[in-house]
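Participant: In full-length UniProt numbering, the protein residues as written are 1 to 952.
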Amino acid sequence: MAPKKAAAKRGAELLPETAEPKAKAAKAAAKTPKANGSQDPALMANLASGSPGVSSQALCLNGGVWAKHAENVRRFKEQAVSEDAVQLRPNTHSFGQPFDEKAALESLKREGKYLCIMNALWLDQSWSATPQIPISQGAIDQVKSHWFSTPNGLDQQQVTVGFLRREVDSKTVPGFGTWKRLSAEESIIAFFEAAAAEAQKVEAGAVGDQLQEWLGHCLSCPVLIRVVADSQEMEWVAQQLREDQTQLSFLARTPTRRVFDVMQKREAMGVAYTPEALLQLYDEKLKFRFLGHSSMVMDRALRHDAILQVILAEEACGKSLWDSVSKLHAMVSKSTRFEEVAWLFTHMHDSKLAGLLEGEVSVRQLTGQGATGGKGLCDLVLYKMRLRDYFISDFLLSTEAKEMPEKYRQALKDLFASHEAFRRKVGFPDSPADLSWKAGWSRSADHVMQLIQESVFGTVFDDNLKAAVVAGKAPLDALTMDTKLGECYKEFQQLLRQELDEARAEASAAARAEAQQGTTQDPEAQEGLPVRSAAFKAFLGDVQAKIGEIKNEETLAQIQYFEDKARNLMASNVQLFVFQPSENELCAYFDKAAACQVRGGGNQWVGILLDPAQWGEAVTNPHIRVCPLNQQYLKTFLASVVKSRDKQQLTLHHRDLFIYFDSFLPGNLNKVLGSFQTPAGDALNKNSFGVFISYDEESLKQRRQYIKANSTTFQQVELMTLVTAENFGDAMTKTNRKIYKGTNFGNKIGDVLLESPKLLWSMALKDKITLFGKYRVSVGGRTTGEAESHRGVSNRKLNTEEPVFWHSRPLSLCLELLASYNLAAVVDAGAGDGNMALACALSRMPYCGLCLTEDHLTQVQDRIVTEIMLRMLSSSESVFEPKLAASLGGDRAGRSSQPSGARTAEQQGVSHPASSGTTGNPPNTSGNDSGTAASVLNEFRAQLASLQQQGQ
Numbered sequence: 001m002a003p004k005k006a007a008a009k010r011g012a013e014l015l016p017e018t019a020e021p022k023a024k025a026a027k028a029a030a031k032t033p034k035a036n037g038s039q040d041p042a043l044m045a046n047l048a049s050g051s052p053g054v055s056s057q058a059l060c061l062n063g064g065v066w067a068k069h070a071e072n073v074r075r076f077k078e079q080a081v082s083e084d085a086v087q088l089r090p091n092t093h094s095f096g097q098p099f100d101e102k103a104a105l106e107s108l109k110r111e112g113k114y115l116c117i118m119n120a121l122w123l124d125q126s127w128s129a130t131p132q133i134p135i136s137q138g139a140i141d142q143v144k145s146h147w148f149s150t151p152n153g154l155d156q157q158q159v160t161v162g163f164l165r166r167e168v169d170s171k172t173v174p175g176f177g178t179w180k181r182l183s184a185e186e187s188i189i190a191f192f193e194a195a196a197a198e199a200q201k202v203e204a205g206a207v208g209d210q211l212q213e214w215l216g217h218c219l220s221c222p223v224l225i226r227v228v229a230d231s232q233e234m235e236w237v238a239q240q241l242r243e244d245q246t247q248l249s250f251l252a253r254t255p256t257r258r259v260f261d262v263m264q265k266r267e268a269m270g271v272a273y274t275p276e277a278l279l280q281l282y283d284e285k286l287k288f289r290f291l292g293h294s295s296m297v298m299d300r301a302l303r304h305d306a307i308l309q310v311i312l313a314e315e316a317c318g319k320s321l322w323d324s325v326s327k328l329h330a331m332v333s334k335s336t337r338f339e340e341v342a343w344l345f346t347h348m349h350d351s352k353l354a355g356l357l358e359g360e361v362s363v364r365q366l367t368g369q370g371a372t373g374g375k376g377l378c379d380l381v382l383y384k385m386r387l388r389d390y391f392i393s394d395f396l397l398s399t400e401a402k403e404m405p406e407k408y409r410q411a412l413k414d415l416f417a418s419h420e421a422f423r424r425k426v427g428f429p430d431s432p433a434d435l436s437w438k439a440g441w442s443r444s445a446d447h448v449m450q451l452i453q454e455s456v457f458g459t460v461f462d463d464n465l466k467a468a469v470v471a472g473k474a475p476l477d478a479l480t481m482d483t484k485l486g487e488c489y490k491e492f493q494q495l496l497r498q499e500l501d502e503a504r505a506e507a508s509a510a511a512r513a514e515a516q517q518g519t520t521q522d523p524e525a526q527e528g529l530p531v532r533s534a535a536f537k538a539f540l541g542d543v544q545a546k547i548g549e550i551k552n553e554e555t556l557a558q559i560q561y562f563e564d565k566a567r568n569l570m571a572s573n574v575q576l577f578v579f580q581p582s583e584n585e586l587c588a589y590f591d592k593a594a595a596c597q598v599r600g601g602g603n604q605w606v607g608i609l610l611d612p613a614q615w616g617e618a619v620t621n622p623h624i625r626v627c628p629l630n631q632q633y634l635k636t637f638l639a640s641v642v643k644s645r646d647k648q649q650l651t652l653h654h655r656d657l658f659i660y661f662d663s664f665l666p667g668n669l670n671k672v673l674g675s676f677q678t679p680a681g682d683a684l685n686k687n688s689f690g691v692f693i694s695y696d697e698e699s700l701k702q703r704r705q706y707i708k709a710n711s712t713t714f715q716q717v718e719l720m721t722l723v724t725a726e727n728f729g730d731a732m733t734k735t736n737r738k739i740y741k742g743t744n745f746g747n748k749i750g751d752v753l754l755e756s757p758k759l760l761w762s763m764a765l766k767d768k769i770t771l772f773g774k775y776r777v778s779v780g781g782r783t784t785g786e787a788e789s790h791r792g793v794s795n796r797k798l799n800t801e802e803p804v805f806w807h808s809r810p811l812s813l814c815l816e817l818l819a820s821y822n823l824a825a826v827v828d829a830g831a832g833d834g835n836m837a838l839a840c841a842l843s844r845m846p847y848c849g850l851c852l853t854e855d856h857l858t859q860v861q862d863r864i865v866t867e868i869m870l871r872m873l874s875s876s877e878s879v880f881e882p883k884l885a886a887s888l889g890g891d892r893a894g895r896s897s898q899p900s901g902a903r904t905a906e907q908q909g910v911s912h913p914a915s916s917g918t919t920g921n922p923p924n925t926s927g928n929d930s931g932t933a934a935s936v937l938n939e940f941r942a943q944l945a946s947l948q949q950q951g952q
């Protein structure tokens, strides 16, 4: 049936572009399409039946509501009366006129309406005029709370029923139990939900007096019966009644209903849909902009049940924050990610419930139009999500917070996992929860909980966070700004540092006491002296070699205290495991390691280090040769790393940076790149970028010891290959190098000055054999660059002391890699001598490295602790300890991480030709050492010469 002219004119109002839709605009959105010859009859039939265009999402959501309602009606009828309750007539003692069929037909014929009293069970309890629109459970709860907390009638619910014109004309009325309700479903559902609750009590044995009161109200339901042409007009009238609703505002027509209505019409059109055709259904008075906004709101928000439920709950609370389609559009236009859109709606609704977001918000406030930096409320809320994500991940893994006990870190993760989890544990300001679950928490744990709560779920630091949003600050930068938030963060750091120092002192004292009691074989213990670790002894030996013997017990006790502190710094950042040839075992390691839990994002990366020179040692001439590429080792490690990020092992993480050193063996590059495979053996998608590392010539010769004099084939440039999922130039943020010249977009680092063999970690050959185990590998062929007279030097004496890892990467290069490529964590296929682990510990960055044997793991840990302690004596170091330095001679006794490239060769123990008087041959170190490095093989020559003289 075509609408009347007046109605058509009334429904032809525009939906404004910027203002929220008015009531008359909503009429246009809900209005029955005109039945003119220009429209597709099949389309009109679809719209008339409604079923093809009914949103399956709304049907699914409403299905649960209707099923619960049917059960409530059944329980009420069974407990209220013994007979068929549907056949009961209305109470005659009501103030209104009970339904009379004859009077009803006369009034409907004459006036088109009839007001009377009915039995509420005469309504069709499973019928809805707008099945394509979700029913608001929040509105049901509101009606029940306001009107039906005790037995009450439906007088104020404005119940309206529709009789079809053809029924009135034929002088028949619908059968009882089939009357079509046009007014809001929520009122009737709430009534029977409350009545059924009382019926359940009666069923359990309670007195039925109140249930009879509910029955009396059911039989005294005021109703307005209206004549309608057909089901299309029923839908229009139903939506119009909601549009005109003023008394029960939470039952009024909402933006969500408008969007669902328009989208239902669009879906009903099927393949015939075009924007123009949809506009024609609404007399061409809707605007394209409104259709676009509605479509985006539906696709990004309302199609997701989790978001829809939040919006419906907000609309049921009365005046919604998003009381127009334009406001909903402002929300969803901020992001295409479901997680972010869901956070926006959930956070604002939660803030309103907590009383932190009061009054109305405009589109300009949401979007930031005209505000400083163009950032609005949505941008602030999204930044709070970033901050929350940081707090429960990287903050607990890569800052000082990682030193908190695991029980606190896990509790914080669980507490701030979602708004629901937070409110369940903490409650709302006007109804706080019982906080006894955190009884006994340390001051630092309690403080950081308050910090996260106020910054993410509160408004205390909103001004600071707005400034961070405008300035584009990362979460960690926001915490370290000179603001009230920054002060709160510093207070947490101080509290935690104090607690850790106290805990370390207690633990160390207990450990030393236990060790001393349980040790009977150690000579020191037998003499009643404190038991010292290998790291302590190495540190003491290094310092005493520079300043003389230390006998003062107070000084030794002080060294012990700072060893504990250094060991804690290492343990807090460095995790080492022995390599296992099984993917499952390596993955189990990676599940435990903090560094492996870090995921890069934005301009931060996770470094995956591939340095085959650290995966073993060549039996012959290890100072020149490296062990052959262990492809099984490489493939197992790579597969485990990829699997820890992607269980299907089909892609590299977009912020993983694989760093491969070729050790002057360019032929291995293709083998390494070919090892990036899926479980099926297919190549993983990847990009590579080459960077050349140039080494200082004299320091490299000194490291290698025996090089042919005047050789023109000396190689001092090594290729370092960076492997990423995306193109390196597109993914990496350009930045200046920290130590060497140039930027990280350049293809060169250098010149890198190598430490001499004397300064490398050293031990006797027999101990090295134990440390390397099966990873000492025989290599065949002639050694490139070896002088003729020095062939066969593999027969070293077992007691000969030599560097453990001849091909160690200098600390300066490790620090450069961390800075140049903005690494947030490092996963190392071979820990080697621990220099990369040391760099991470000094930078307080998570590191996970693989060792060759248990002996390697234990000894490299001690070496890292020793190196940290030596740097505690240097005023240029971040770990500088003034008290320790003052008692041990300060910088003179310590060791600095000052970049090798910035120091002289003499400082590194390297003798250049100009100062040594040589022309490239290694100096003779068999006599007194004048600052140059001692050559292990030169020592062997000297010993051999001495034996020859004795033999003569």
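The C-beta atom is built at its ideal place from N, Cα and C for all residues, glycine as well.
(1) How long is the line joining the alpha carbons of S324 and R303, rounded to whole angstroms?
(2) Could you tell me which residues DSSP pairs with L241 in its beta bridges?
(3) The alpha helix (DSSP H) that contains W343, what's its start and end?
(4) Could you check the C-alpha separation between D379 and T274 for me, to the nearest Å?
(5) Going by CA-CA distance only, name the one from S644, Y561, D682 that's closest to A507.
(6) With a CB to CB cut of under 7 Å and the five nearest residues on each side skipped, what residues in its chain are close to C587?
(7) Comparing alpha-carbon positions, which option in F457, D446, L397 lies nearest F416?
(8) Please classify C60 as buried or exposed, where buried requires at least 16 other C-beta atoms within 10 Å of its C-beta.
(9) Can you round the beta-carbon distance between A129 and A238 to whole angstroms, since I take them to be within the 8 Å contact cut?
(10) State the DSSP-derived secondary structure class of M845, mapped to helix, strand or coil.
(11) Three-state secondary structure (DSSP) at G548?
(12) Hey, quick one: how far does the alpha helix (DSSP H) through E138 stretch, first residue to last?
(13) Reducing DSSP to helix, strand and coil, say where S820 ends up.
(14) Closest by CA to residue 970, which one among S107, R253, A301?
(15) I'd like the span of the beta strand (DSSP E) that includes P581, first residue to last.
(16) DSSP on E698, reduced to helix/strand/coil?
(17) Taking V159 as the reference, give the member of V574, F191, L465 with the closest Cα.
(18) My assumption, with CB atoms under 8 Å, is that T724 sits in contact with L669. Please give the rounded CB distance.
(19) Can you list, in chain order, the residues of its chain with a C-beta nearer than 7 Å to that of V363? Leave out the 5 residues immediately preceding and following it.
(20) Quick one: grab the DSSP three-state call for Y489.
(21) My parser needs the alpha helix (DSSP H) runs of 4 or more residues fully inside the region 163-199; what are they?
(22) Between L817 and A829, what straight-line distance do the alpha-carbon atoms span, to the nearest angstrom?
(23) Go through its chain and collect everything with a Cβ distance to A85's Cβ below 7 Å, but skip five positions before and after it.
(24) Ignore the nearest five residues each way along the sequence and tell me which others in M234's own chain have a CB closer than 8 Å to its CB.
(25) If you count every other CB in all the chains shown that lies within 10 Å of the CB of P666, and 16 or more means buried, which is it?
(26) Inspect the beta-carbon positions of V202 and L211 and report whether they are closer than 8 Å.
(27) Please report how far the alpha carbon of K102 lies from the alpha carbon of H146, in whole angstroms.
(28) Provide the residue span of the beta strand (DSSP E) that contains K113, from first to last.
(29) How far does the alpha helix (DSSP H) with R226 in it reach, from first residue to last?
(30) Can you pull the DSSP bridge partners for Y660?
(31) Distance check for S582 and Q632, CA to CA, integer angstroms please.
(32) In terms of residue numbering, what span does the alpha helix (DSSP H) encompassing V752 cover?
(33) Of the residues T150, L387, S136, which one's Cα is nearest the Cα of E314?
(34) With C-beta atoms as the reference, is V777 less than 8 Å away from V619?
(35) Per DSSP, what are the beta-bridge partners of L850 in this structure?
(36) According to DSSP, A683 sits in a beta bridge with which residue or residues?
Facilitator: Quick answer:
(1) The alpha-carbon of S324 is positioned some 18 Å away from that of R303.
(2) For L241, DSSP records no beta bridge to any residue.
(3) Unbroken alpha helix (DSSP H) run through W343: 338-353.
(4) Each residue's Cα considered, the two are about 34 Å apart.
(5) Taking A507 as reference, the option from S644, Y561, D682 with the minimal CA-CA separation is Y561.
(6) Closer than 7 Å at the Cβ level, and outside the excluded window around C587, lie S640, K643, S644.
(7) The alpha carbon of F416 has as its nearest neighbour, out of F457, D446, L397, the alpha carbon of F457.
(8) Note on C60: under 16 other CB atoms within 10 angstroms of its CB, so exposed under the neighbour-count rule.
(9) Going by Cβ atoms, the distance from A129 to A238 rounds to 4 Å, so yes, they are a contact pair.
(10) Residue state, collapsed to three classes: coil.
(11) In this structure, DSSP gives G548 a state outside helix and strand, which the three-state scheme calls coil.
(12) Correcting the residue identity first, residue 138 is Gly in this sequence and not Glu. Looking at the DSSP string, the run of the alpha helix (DSSP H) that includes G138 is 137-147.
(13) If DSSP states are grouped into helix, strand and coil, S820 belongs with the helices.
(14) Nothing about residue 970 can be read from this structure; the chain reaches only from 1 to 952.
(15) According to the DSSP assignment, P581 belongs to no beta strand (DSSP E), since it is labelled neither H nor E.
(16) In this structure, E698 counts as helix in the three-state DSSP scheme.
(17) With distances taken between Cα atoms, V159 lies closest to F191.
(18) Not confirmed; about 15 Å, so no contact.
(19) Once the five neighbours on either side are set aside, the close Cβ partners of V363 are S326, K327, A330.
(20) In the structure shown, Y489 sits in a helix (DSSP, three-state: H, G or I).
(21) If only complete runs of 4 or more residues are kept, the region 163-199 shows the alpha helix (DSSP H) at 165-169, in order along the chain.
(22) Their backbone Cα atoms lie some 16 Å apart in a straight line.
(23) Annotation for A85: K77, L121 place their beta carbon closer than 7 Å to its own, counting only its chain and skipping 5 residues before and after.
(24) Answer for M234: A129, G162, K180, L182, V228, listed in chain order.
(25) Result: exposed.
(26) If you check the CB distance, V202 and L211 come in under 8 Å.
(27) Distance between the alpha carbons of K102 and H146: 36 Å.
(28) Where K113 is concerned, the enclosing beta strand (DSSP E) stretches over 113-118.
(29) Not the alpha helix (DSSP H): R226 falls in the beta strand (DSSP E), residues 221-228.
(30) Residue pairing by DSSP places Y660 opposite L610, T721 in a beta bridge.
(31) Straight through space, the alpha carbons of S582 and Q632 are spaced by roughly 10 Å.
(32) Segment 748-752 is the beta strand (DSSP E) holding V752; no alpha helix (DSSP H) there.
(33) When C-alpha distances from E314 are compared across T150, L387, S136, the shortest belongs to S136.
(34) At the C-beta level, V777 and V619 come within 8 Å of one another.
(35) In the DSSP output, where bridge partners are listed per residue, L850 has F577.
(36) According to DSSP, A683 shares a beta bridge with Q677.
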